[in-house]
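Chemist: Just so you know, full-length UniProt numbering puts 79 at position 79 of the sequence shown, and the rest follows in order with no gaps.
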Amino acid sequence: MKVDRTTRIPGVDIARALAVLGMFAAHIFDLDDLRWTEPSTYGSLVQGHSAVTFAVLAGVSIALVTGGTRPQTPDQLVIARHQLLVRACCIFLLGGLLQMLGTPILVILVMYSFLFVLALPLLQVPPRTLFIAAGVLAVVMPVAVPPLHAAIGAWGSPYNALSDILINGGYPALIWSAYLLLGLGLGRLDLRSPTVARRMVGVGAGLAAAAYLLSAALVGLQNTVDPDRQFDPPSKFFAPYDNPGRGFRWTWSDLLGLLGADAHSGTPFDVFGSAGISMVVIGLCLIVCPRPAPWNYPLQATGTMALTVYSAHVVAIFALCSVTERGTSGGYPWQNFWTWLLFTAVAVSFSSFWIHRFGRGPLERLITTIAVRSSGSSRHRRAPAPQSVE
Numbered sequence: 001m002k003v004d005r006t007t008r009i010p011g012v013d014i015a016r017a018l019a020v021l022g023m024f025a026a027h028i029f030d031l032d033d034l035r036w037t038e039p040s041t042y043g044s045l046v047q048g049h050s051a052v053t054f055a056v057l058a059g060v061s062i063a064l065v066t067g068g069t070r071p072q073t074p075d076q077l078v079i080a081r082h083q084l085l086v087r088a089c090c091i092f093l094l095g096g097l098l099q100m101l102g103t104p105i106l107v108i109l110v111m112y113s114f115l116f117v118l119a120l121p122l123l124q125v126p127p128r129t130l131f132i133a134a135g136v137l138a139v140v141m142p143v144a145v146p147p148l149h150a151a152i153g154a155w156g157s158p159y160n161a162l163s164d165i166l167i168n169g170g171y172p173a174l175i176w177s178a179y180l181l182l183g184l185g186l187g188r189l190d191l192r193s194p195t196v197a198r199r200m201v202g203v204g205a206g207l208a209a210a211a212y213l214l215s216a217a218l219v220g221l222q223n224t225v226d227p228d229r230q231f232d233p234p235s236k237f238f239a240p241y242d243n244p245g246r247g248f249r250w251t252w253s254d255l256l257g258l259l260g261a262d263a264h265s266g267t268p269f270d271v272f273g274s275a276g277i278s279m280v281v282i283g284l285c286l287i288v289c290p291r292p293a294p295w296n297y298p299l300q301a302t303g304t305m306a307l308t309v310y311s312a313h314v315v316a317i318f319a320l321c322s323v324t325e326r327g328t329s330g331g332y333p334w335q336n337f338w339t340w341l342l343f344t345a346v347a348v349s350f351s352s353f354w355i356h357r358f359g360r361g362p363l364e365r366l367i368t369t370i371a372v373r374s375s376g377s378s379r380h381r382r383a384p385a386p387q388s389v390e
């Protein structure tokens, strides 16, 4: 049994594979901060941007399996929403189990499951509205999240878990919801059209360039005017729960922190820039891989079972951490290119074999079975599984 070559879009699967392999690199390498003036740091592009592409593709995939450019009937929407909710619960559980392993990895799956839930009432929203809403969230949420963190922290420990998912960490769901809306909008376009793919690349490149250049100019201007003043992005404002009064105070210095664009910084420039890069990656994959072919099959197979591959790499890193100790610099001896190459080779080879033999990844098949059976009866026509988790 092979990858379904009639309903899947190869470019989407391949973009997802690249996102997962990029997260491999982000979790294995000890990366320096990205500096656009130093090409030697360009490898750090995988830091943050791979996960953003993965999140945008979640929206793309949900849109594709709920009709794409064609609206679904009310009955189909009911089934699709039910199955998406069940999938969200399964992914949340899986993400929690992986997080409990205690690896250095920021596991994305818990936040990912919340994006599935957020998508439920948005399945019939037109693309233009979704794009506008994504832009509004990209501006508003980075400003709103730090004070929300302080407010929720003041409520006490029962609410800390909610804050950890919605606000805290490298994947604050309130900010990352902008990526979901962007993906939902893109998925409502005709992704098989070369024109759409080219426009996606052009708009994404323009968006990323504008965000990063404007951020660099504003930060440079601030450093020129007041070189001694230090400021942090919103991701640094999260105060300890036992002292929620500290952190973002709406001072001038705090507001200046919104000018940066570092990965995972949670600023508007970071959100717009990362979203633009994800659009370029997806658009290029659609252009280069418009149809299935032997040369792109390994990557398409990897993207088809991305959930299994991602989960397996977390378990593998847990095993490596268990049998090795950190060096004096704080890193592990296996954090190098050869480990990433081994992870990549195993993932691509195993995915190629598994999809050719069984047609769907093991975790993807398990979650699909649970979702379909929970929707009532096999008499109902099931909604296809989102490509992001199949």
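Heads up, the beta-carbon is just placed ideally off N, CA and C, and yes, glycines get one too.
Answer with buried or exposed for A331, where buried requires no fewer than 16 other C-beta atoms within 10 angstroms of its C-beta.
Modeler: Reading off the sequence, residue 331 comes out as Gly, not Ala. Exposed, by the Cβ-count rule.
Chemist: Report yes or no: do the region 81-97 and the region 114-128 share at least 3 C-beta pairs separated by less than 8 Å?
Modeler: yes
Chemist: Apply the 10 Å Cβ neighbour rule to R356 and answer buried if 16 or more other Cβ atoms are within range, or exposed otherwise.
Modeler: The question names Arg, but residue 356 is His in the sequence shown. Classification of H356: exposed, given that the 10 Å Cβ count is below 16.
Chemist: Residues in its own chain within less than 8 Å of R198 by CB, not counting five upstream and five downstream?
Modeler: G283 and I287
Chemist: Determine the extent of the alpha helix (DSSP H) in which W354 is found, giving its start and end residues.
Modeler: F337 to F358
Chemist: Got a sec? Which residues, its chain only, sit under 8 Å from S349 by beta carbon, not counting five neighbours each side?
Modeler: P298
Chemist: Where G68 and V323 are concerned, what is the direct C-alpha to C-alpha distance, given to the nearest angstrom?
Modeler: 46 Å
Chemist: Determine, using beta carbons only, whether L180 and A17 come nearer to each other than 8 Å.
Modeler: no
Chemist: Can you give me the C-alpha to C-alpha distance between Q335 and F318, rounded to a whole angstrom?
Modeler: The alpha-carbon atoms of Q335 and F318 are separated by roughly 13 Å.
Chemist: Mapping DSSP to helix, strand and coil, what is L106?
Modeler: coil
Chemist: Consult DSSP for residue 469 and reduce its assignment to one of helix, strand or coil.
Modeler: This structure does not reach residue 469, given that the chain is present from 1 up to 390, and the question cannot be answered.
Chemist: Please state if the CB of M305 and the CB of V203 are separated by a distance shorter than 8 Å.
Modeler: no
Chemist: Taking just the CA atoms, how far does L186 sit from V59?
Modeler: Per the sequence shown, the amino acid found at residue 59 is Gly instead of Val. For G59 and L186, the distance between alpha carbons rounds to 8 Å.
Chemist: How about the region 204-224 and the region 255-275: do they share at least three Cβ pairs that are nearer than 8 Å?
Modeler: When Cβ pairs closer than 8 Å are counted between the two stretches, the region 204-224 is seen to touch the region 255-275, the count reaching three or more.
Chemist: Does the Cβ of V315 have 16 or more other Cβ atoms within 10 Å, making it buried, or fewer, making it exposed?
Modeler: V315 should be labelled exposed.
Chemist: Look at the alpha carbon of A138 and the alpha carbon of V281, and state the distance between them as a whole number of angstroms.
Modeler: 20 Å
Chemist: What residues in its chain sit with their C-beta under 8 Å from that of V12, if we drop five residues either side in the sequence?
Modeler: By the criterion of a C-beta distance shorter than 8 Å, V12 is surrounded in its chain by L57, V60, S61, L64, L191, I282, C285, L286, G303 and Q387, once the five residues flanking it on both sides are discounted.
Chemist: Does DSSP classify R188 as helix, strand or coil?
Modeler: coil
Chemist: Taking 8 Å as the threshold (C-beta atoms), are P142 and T267 in contact?
Modeler: yes
Chemist: Quick one: grab the DSSP three-state call for G266.
Modeler: coil
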